[in-house]
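Data block below; observations after.
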Amino acid sequence: MCITHPINEFTVPFPKPLPKHPKAFKSHGRPTVGAEANCTKSICCRDVDDSPAVPTVPAGPNGNSHCDSTITLADTLLEEVDRLNPRFSIFTGDVVEGATWIVDQAEVTTDLKAFDAQMAAKLTAPIFPSLGNHDSAPVNTFARTTSNTANNSQFVFDTQSAGWEVDHHSGAYSAKVPGMDLRIIAVNTQYWYKQNYWLYDSDVLQYVSPPPSVFRIHVNEELWFRRDPNGIIAFVVDALQAAEDAGDRAWIIGHIPLGKEDTLIDQSNCYDQVLQRYKNTIAGQFFGHSHKDQFEVAYSNYSEQTAANAVGVGLIGPGLTLTSGNPAFKMYEIDPDTFEVMDVRIMFTNISEPSFQIRPQWGLYYSVRETYGPLIRLSPNELLSPAFWHNLTKVFAANETAFQIFNTFISRGGAVTACDAPSGCQNTTICDMRAFQSQDNCDTPAEGFSLRKRASATHDSGEYEGTGLAHILSRMVLAA
Numbered sequence: 519m520c521i522t523h524p525i526n527e528f529t530v531p532f533p534k535p536l537p538k539h540p541k542a543f544k545s546h547g548r549p550t551v552g553a554e555a556n557c558t559k560s561i562c563c564r565d566v567d568d569s570p571a572v573p574t575v576p577a578g579p580n581g582n583s584h585c586d587s588t589i590t591l592a593d594t595l596l597e598e599v600d601r602l603n604p605r606f607s608i609f610t611g612d613v614v615e616g617a618t619w620i621v622d623q624a625e626v627t628t629d630l631k632a633f634d635a636q637m638a639a640k641l642t643a644p645i646f647p648s649l650g651n652h653d654s655a656p657v658n659t660f661a662r663t664t665s666n667t668a669n670n671s672q673f674v675f676d677t678q679s680a681g682w683e684v685d686h687h688s689g690a691y692s693a694k695v696p697g698m699d700l701r702i703i704a705v706n707t708q709y710w711y712k713q714n715y716w717l718y719d720s721d722v723l724q725y726v727s728p729p730p731s732v733f734r735i736h737v738n739e740e741l742w743f744r745r746d747p748n749g750i751i752a753f754v755v756d757a758l759q760a761a762e763d764a765g766d767r768a769w770i771i772g773h774i775p776l777g778k779e780d781t782l783i784d785q786s787n788c789y790d791q792v793l794q795r796y797k798n799t800i801a802g803q804f805f806g807h808s809h810k811d812q813f814e815v816a817y818s819n820y821s822e823q824t825a826a827n828a829v830g831v832g833l834i835g836p837g838l839t840l841t842s843g844n845p846a847f848k849m850y851e852i853d854p855d856t857f858e859v860m861d862v863r864i865m866f867t868n869i870s871e872p873s874f875q876i877r878p879q880w881g882l883y884y885s886v887r888e889t890y891g892p893l894i895r896l897s898p899n900e901l902l903s904p905a906f907w908h909n910l911t912k913v914f915a916a917n918e919t920a921f922q923i924f925n926t927f928i929s930r931g932g933a934v935t936a937c938d939a940p941s942g943c944q945n946t947t948i949c950d951m952r953a954f955q956s957q958d959n960c961d962t963p964a965e966g967f968s969l970r971k972r973a974s975a976t977h978d979s980g981e982y983e984g985t986g987l988a989h990i991l992s993r994m995v996l997a998a
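Positions 519 to 998 (the numbering used here) are the ones given, in order, by the sequence shown.
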């Protein structure tokens, strides 16, 4: 069991003080049409040695709730995105299949290249991607610059630098959206991830060269980079300062949300300092990982969680993965001047529809503005601001019907798990909505490895798809 330690206090250095006046796929799995879809393994629909000669439930061409996503399903999603004619798209990581224990570097490279080509072929508008914890081999492993290993993630960075046509800083980059005063800052959140075991490879003080802006300020560089593996936080500071100096707004995209239990609390705390400093520059923050339709609110004072103190929100996208519910993506309506979110529309396809295996039909599942706006008397021109999302958590705490709507929406109605007040799940869920810092969430890691079924009502780090040893062991127990 990992014991949560107190935060190691550290103040993130910034080049300039805050101005007084403000100026979502795991799509390349290896499911096989006709393979057994009703198996005892963690992922079905694959040709394996112990498959029955005659499948009891043959996998269809677009998969089912026990399968990885298929290439044909991803094709239909990308075609629907392009049909909607967005100005640009963002992708928050996890391309490589869910059967992570059999994935090697060759397959990761092949999958990443294939999905890069698939996006380029299907999408007309620019696409800004980020890396997920599945997008390396072994899974979750992104070695630090100082790690003594030849098995590093440079092959991932080399592959994506070519496929994405940007220069990387350990999988992070900054790029301006064509024709807009908006910059996309992609971060490699795996350097803040508890299950990236390269972060524990040495107790010796780690050091890497910082970005230029950090040289311009006097800091204890060794202490700084002990708190900032591979200088990802420093890179974000540099990119945000450049945006502020240019009068641009910025969107931050990444894979793992900063409030999740499996984000290291020191790095989450450092990121929060960055958010507080650049809150007037950051117009949006977008993440994935949980495969659920969720959000996390950030506050200037977590001891007083009010609408007035809400300074940011992390919007978490659902997944294409069929194991997490109905496949879905989010479409954002954006204010053309501030680049802040006016509405979020969740687009989905229902895997229970007879037409799904013939041609998935994509359509509107719900609109955040239309569904939740009336509950807090949102005015017609009002943004979906951090205050809006905080007020929505108050509605969920007081209105059981509204909360159950949210609970159904999490999986797009496809894999609904019971969650109510008597079980404690409702309070935990609302607490997590108010936690864009991992130290403030209410998820409790179980002692040792949790071997209970994932359908349990309590919330812990088992929320995320099977990336850890605990999940693999639990599936082995259930299959025994």
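Glycine included, C-beta positions come from ideal geometry on N, C-alpha and C.
Query, Result
"Stretch-stretch touch, CB-based, cutoff 8 Å, three pairs: the stretch 599-614 with the stretch 892-904", "no"
"Lys912 (DSSP reduced to helix, strand or coil)", "helix"
"Reference Cys949; option with closest CA among Glu779, Val674 and Ser808", "Glu779"
"Alpha-carbon to alpha-carbon, Val613 and Phe633", "7 Å"
"Secondary structure, alpha helix (DSSP H): runs of 4+ residues fully inside the stretch 620-667", "623-640"
"Between the CA atoms of Thr867 and Glu527 - distance to the nearest angstrom", "46 Å"
"Phe682 versus Asn748, Thr667, Phe609 and Thr841, residue with shortest Cα-Cα distance", "Note on residue identity: the sequence assigns Trp, not Phe, to residue 682. It is Phe609."
"Test item: CB-CB of Ile951 and Gln812 under 9 Å", "First, the amino acid is wrong: residue 951 is Met here, not Ile. Taking 9 Å as the Cβ cut-off, Met951 and Gln812 qualify as a contacting pair."
"Coarse secondary structure for Glu598, derived from DSSP in three states", "helix"
"Buried/exposed call for Val674, threshold 16 Cβ in 10 Å", "buried"
"Closest residue to Phe804 among Glu858, Ser885 and Thr889 (Cα-Cα distance)", "Glu858"
"Cα-Cα separation, Thr976 to Asp961", "Because the pLDDT at Thr976 is just 41, under 50, the model does not fix this residue reliably, and the point stays unresolved."
"Where the alpha helix (DSSP H) containing Ser786 begins and where it ends", "Ile783 to Arg795"
"Paired residues, beta bridge with Val613 - DSSP", "For Val613, which the question treats as bridged, DSSP gives no partner whatsoever."
"Neighbourhood of Ser545 by C-beta distance below 7 Å, restricted to the same chain and skipping five residues each side", "With a pLDDT of 44 at Ser545, under the threshold of 50, the modelled position of that residue is not reliable, and the figure given next carries that caveat. Closer than 7 Å at Cβ, skipping near neighbours: Ser587, Ile589, Ala592, Val613, Phe633 and Leu838."
"Per-residue DSSP class, three states only, for Leu833", "strand"
"Assigned secondary structure, Val862 (DSSP; H/G/I helix, E/B strand, else coil)", "strand"
"Contact under 9 Å by Cβ, Asp661 with Trp710", "Looking at the sequence itself, residue 661 is Ala, so the reference to Asp does not match. No. Outside cutoff."
"Supposed contact pair Ile800 and Leu840 - C-beta distance, whole angstroms, cut 8 Å", "That belief does not hold up - the Cβ atoms of Leu840 and Ile800 are roughly 33 Å apart, past 8 Å."
"Buried or exposed by the 16-neighbour rule on C-beta atoms within 10 Å, applied to Ser956", "buried"
"Nearest-angstrom Cα separation, counted from Gln823 out to Thr529", "22 Å"
"Ala915 versus Asp756 - alpha carbon distance", "39 Å"
"Which of helix, strand or coil DSSP assigns to Tyr820", "coil"
"Contact with chain D by His807, beta-carbon distance below 9 Å", "This model lacks chain D altogether; it includes just one protein chain."
"Cα-Cα separation between Val886 and Val862, rounded to whole angstroms", "5 Å"
"Test item: CB-CB of Gly650 and Gln713 under 9 Å", "no"
"Close-in-space but distant-in-sequence residues of the same chain around Val913 (CB under 7 Å, 5 per side omitted)", "Leu893, Ile894 and Ala920"
"Classification of Ser897 by the beta-carbon crowding that lies within 10 angstroms, buried from 16 upward", "exposed"
"Separation of Thr664 from Tyr883, as counted between CA atoms", "46 Å"
"Beta-carbon spacing of Val695, Phe753 below 9 Å", "no"
"Contact belief for Ala825 with Asn909 at Cβ below 8 Å, rounded distance in angstroms", "6 Å"
"Start-to-end residues for the alpha helix (DSSP H) that takes in Ile751", "Ile750 to Ala764"
"Presumed contact (8 Å Cβ cut-off) between Thr550 and Cys562, rounded CB distance", "Not really, about 10 Å apart at Cβ, beyond 8 Å."
"Separation of Ala553 from Pro573, as counted between CA atoms", "6 Å"
"Assigned secondary structure, Pro524 (DSSP; H/G/I helix, E/B strand, else coil)", "coil"
"Residue range of the unbroken beta strand (DSSP E) whose run includes Met849", "Ala846 to Ile852"
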